[in-house]
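One structure below.
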DNA sequence: GCCACGATCAACCTTTTGGTTGATGCCCGG
DNA sequence: CCGGGCATCAACCAAAAGGTTGATCGTGGC
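Residue numbers (our numbering), protein chains in the order written: chain C, 893 to 1110; chain R, 893 to 1110.
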């Protein structure tokens, strides 16, 4: 039986070297190519495709220093931008924030592993992905289950817009003027936001919203 | 001439494997041991010491999933907790925030490299550290030089520490308790911070400090 | 049609922050 | 050895933010 052909996508040379070394030690897995960002990953997939030796699995980091990020790249791959059939994409990243997980799954990822996972767990995930199955790190699975059991209230578009202004350091009065509403309304919105995020002041709200990637970071 | 004996300290097996593979490819460098957190690093250093083959350089990550963090471990090593003479500690991490850099340098680190650096740069840094020299990543050096030329945002270490607590959403009272100082002192620090950053409230301070990467956020 | 919910506003009150002034002790560099 | 930056604290006042209640007006769903 042929080896599973893996494409590594990570912007850190150190991490790529580590994965290459780690995966090479396993039977039945070969690193077919590497890419430092999403754009390069698409190009590599196309290249492998035309060579007649397409990748069986893509191991993708989410955070890229520059170039196309992992979520976008995953979406593009699953959309067939790098040739059909699109290989399974296994996310291998450092963080397990709700927003990251959800975004990756929505983009079509078939697994989500953390970089601090033991090698054997990563190997199993690669094998599972190649077989068309999904593989979630235990931490990630627990998080998803917990989220389904008690879903968190979503912020309305207006509330997010307001929160973004709060994050720039504006006071309630300035926010009111900017949105053409009264200061009282700003305060009402804030109370609702605090309730939904489980906090009781604006800085804590920004902290939570940033960590959950509800608002964009700077 | 003997090889430079390196101790790897990183909580990610993948990264350790990558560094091991990368450093092994270089002439004159040997990976003597590995540790997954600061506590294990101290133990490994002691062990190597008693074996009569002490480490020449410690390659240390700052962020550890669990156990002793990199800054604390660096401080302990330089304090001689793992035997004298203390080997040079070269920080190899993902982020280059002012807060991280300052803390590491204060703890006694003799270099600061970023994980996305090209292999050759890392090799040179290891060699330099082993020779008792300091090695800063170009990005880090540029930031430090920029700060010297522009004495504008010269936040003290204490002020940065305080600002980080502010960014988590804590109130002045909570910050005071956490730092074992009075609320009055917290307010005084904040006034100084606002002055240096050119703002007049805590959220604006966080916004500016995050953009200037004085504090880190994710 | 009615109900739920989001967005809007007002009045009122409490708590937290911000701003100022002034003071002490420490350590470093000229 | 003296000035200056840093860290610490206090008291006080003004402003902003937080919390509560209650209200109006659309819109979209059942």
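Each residue gets a CB set at the ideal place from its N, CA and C atoms; glycine is no exception.
Mind listing the chain C neighbours of residue 1096 (chain R)? Cutoff is C-beta to C-beta under 7 angstroms, in chain order.
Taking the second chain and counting its residues from 1, the one referred to as residue 1096 (chain R) is at position 204. 1061, listed in chain order.
What separation, rounded to the nearest whole angstrom, lies between the Cα atoms of residue 1091 (chain R) and residue 916 (chain R)?
By 1-based counting over the second chain, the position of residue 1091 (chain R) is 199. By 1-based counting over the second chain, the position of residue 916 (chain R) is 24. About 50 angstroms.
Could you tell me whether any Cβ in chain C is nearer than 8 angstroms to the Cβ of residue 854 (chain R)?
Any answer about residue 854 (chain R) is impossible in this case: the structure gives chain R only from 893 up to 1110.
Listed by chain order, chain R residues near residue 962 (chain C) by CB distance under 7 angstroms:
Position 70 of the first chain, counted from the start, is the residue given in the question as residue 962 (chain C). Those do not exist, as residue 962 (chain C) stays about 15 angstroms from chain R at its closest Cβ, beyond 7 angstroms.
State the CB to CB distance for the pair residue 1094 (chain R) and residue 1058 (chain R), rounded to an integer number of angstroms; the pair is presumed to be in contact (CB under 8 angstroms).
Numbered from its first residue, the second chain carries residue 1094 (chain R) at position 202. Numbered from its first residue, the second chain carries residue 1058 (chain R) at position 166. Residue 1094 (chain R) to residue 1058 (chain R), Cβ: 5 angstroms. Contact.
Taking Cβ to Cβ, would you say residue 1029 (chain R) is nearer than 8 angstroms to residue 1005 (chain R)?
On the second chain, position 137 is the one that residue 1029 (chain R) refers to. On the second chain, position 113 is the one that residue 1005 (chain R) refers to. Cβ atoms of residue 1029 (chain R) and residue 1005 (chain R): closer than 8 angstroms.
How far does the alpha helix (DSSP H) with residue 942 (chain C) in it reach, from first residue to last?
Against the first chain, residue 942 (chain C) aligns to sequence position 50. It spans 930-942 - the alpha helix (DSSP H) in which residue 942 (chain C) sits, taken as one unbroken run.
Between residue 1068 (chain R) and the ligand NAD, is the CB less than 7 angstroms from at least one heavy atom?
Looking at this structure, you won't find the ligand NAD or any other ligand, since it has none at all.
Could you compute how far the alpha carbon of residue 927 (chain R) sits from the alpha carbon of residue 943 (chain R)?
Reading the second chain from its first residue, position 35 is the one you call residue 927 (chain R). Reading the second chain from its first residue, position 51 is the one you call residue 943 (chain R). When rounded, the distance between both Cα atoms is 17 angstroms.
Between which two residues does the alpha helix (DSSP H) containing residue 924 (chain R) stretch?
As a position in the second chain, residue 924 (chain R) is number 32, starting the count at 1. Element bounds for residue 924 (chain R): not the alpha helix (DSSP H) but the beta strand (DSSP E), 921-927.
Shorter than 8 angstroms from the beta carbon of residue 957 (chain C) to some beta carbon of chain R?
Numbered from its first residue, the first chain carries residue 957 (chain C) at position 65. Among the residues facing chain R, residue 957 (chain C) is included, as its CB has a counterpart in that chain under 8 angstroms away.
Just the chain C side, please: which residues come within less than 9 angstroms of residue 908 (chain R) by C-beta, in chain order?
Stepping through the second chain from its first residue, residue 908 (chain R) is reached at position 16. Here the neighbours are 910.
Answer with yes or no whether the minimum CB distance from residue 1058 (chain R) to chain C is below 8 angstroms.
Working through the second chain from its first residue, we reach residue 1058 (chain R) at position 166. Closer than 8 angstroms to some Cβ of chain C, the Cβ of residue 1058 (chain R) qualifies, so yes.
Is the separation between the beta-carbon of residue 924 (chain C) and that of residue 963 (chain C) shorter than 8 angstroms?
As a position in the first chain, residue 924 (chain C) is number 32, starting the count at 1. As a position in the first chain, residue 963 (chain C) is number 71, starting the count at 1. Contact: no.
For residue 1080 (chain C) and residue 1075 (chain R), I'd like the C-alpha separation in whole angstroms.
Locating residue 1080 (chain C) in the first chain gives position 188, counting from the first residue. Locating residue 1075 (chain R) in the second chain gives position 183, counting from the first residue. Residue 1080 (chain C) and residue 1075 (chain R): Cα-Cα distance of roughly 29 angstroms.
Looking at C-alpha atoms only, which residue of R:971, R:951, R:998, R:1025 is the closest neighbour of residue 922 (chain R)?
The count along the second chain starts at 1 and reaches residue 922 (chain R) at position 30. Nearest C-alpha to residue 922 (chain R): R:951.
Where the alpha helix (DSSP H) through residue 1095 (chain C) begins and ends
As a working note, residue 1095 (chain C) is residue 203 in the first chain. 1094-1103 is the span of the alpha helix (DSSP H), which, as asked, contains residue 1095 (chain C).
Are the beta-carbon atoms of residue 898 (chain C) and residue 947 (chain C) separated by less than 8 angstroms?
By 1-based counting over the first chain, the position of residue 898 (chain C) is 6. By 1-based counting over the first chain, the position of residue 947 (chain C) is 55. The answer is yes: Cβ separation under 8 angstroms.
Integer-rounded CB distance, given that residue 1003 (chain C) should sit under 8 angstroms from residue 1026 (chain C):
Locating residue 1026 (chain C) in the first chain gives position 134, counting from the first residue. Locating residue 1003 (chain C) in the first chain gives position 111, counting from the first residue. Confirmed, about 6 angstroms.
Which residue comes first and which comes last in the alpha helix (DSSP H) that contains residue 1071 (chain C)?
Reading the first chain from its first residue, position 179 is the one you call residue 1071 (chain C). 1064-1071 is the extent of the alpha helix (DSSP H) around residue 1071 (chain C).
Kindly indicate which three-state DSSP category residue 1003 (chain R) falls into: helix, strand or coil?
Taking the second chain and counting its residues from 1, one reaches residue 1003 (chain R) at position 111. DSSP, reduced to helix, strand and coil, places residue 1003 (chain R) within a strand of the structure shown.
Can you name the start and end residues of the beta strand (DSSP E) that residue 897 (chain C) belongs to?
On the first chain, residue 897 (chain C) is found 5 positions in, with the first residue counted as 1. For residue 897 (chain C), the enclosing beta strand (DSSP E) stretches over residues 896-901.
Contact set between residue 1091 (chain R) and chain C, taken where Cβ atoms lie within less than 7 angstroms:
Within the second chain, residue 1091 (chain R) is the residue found at index 199, counting from 1. In chain order: 1061.
Closer than 8 angstroms to chain C by CB, residue 914 (chain R):
As a first step, residue 914 (chain R) must be located in the second chain, where it is residue number 22. Closer than 8 angstroms to some Cβ of chain C, the Cβ of residue 914 (chain R) qualifies, so yes.
If I'm right that residue 982 (chain C) touches residue 1021 (chain C) with Cβ under 8 angstroms, what's the distance once you round it to whole angstroms?
Reading the first chain from its first residue, position 90 is the one you call residue 982 (chain C). Reading the first chain from its first residue, position 129 is the one you call residue 1021 (chain C). The C-beta separation of residue 982 (chain C) from residue 1021 (chain C) comes to about 4 angstroms, placing the pair in contact by the 8 angstroms criterion.
Where residue 1047 (chain C) sits in the DSSP three-state scheme:
Along the first chain, read from residue 1 onward, the residue named residue 1047 (chain C) stands at position 155. Three-state result, residue 1047 (chain C): coil.
May I ask you to report which of helix, strand or coil DSSP gives residue 958 (chain C)?
One-based indexing of the first chain puts residue 958 (chain C) at position 66. Reduced to three states, the DSSP call for residue 958 (chain C) is coil.
Should residue 1008 (chain C) and residue 903 (chain R) be called a contact, given that it needs their Cβ atoms to be closer than 8 angstroms?
By 1-based counting over the first chain, the position of residue 1008 (chain C) is 116. By 1-based counting over the second chain, the position of residue 903 (chain R) is 11. Contact: yes.
Can you confirm whether residue 929 (chain R), when its beta carbon is compared against all beta carbons of chain C, has any partner nearer than 8 angstroms?
Against the second chain, residue 929 (chain R) aligns to sequence position 37. It does not: the Cβ of residue 929 (chain R) has no partner Cβ on chain C nearer than 8 angstroms.
Residues from the segment 1000-1027 of chain C in contact with chain R, defined by Cβ distance under 7 angstroms:
Going along the segment 1000-1027 of chain C in chain order, one finds 1007, 1008, 1010, 1011 with a Cβ nearer than 7 angstroms to chain R.
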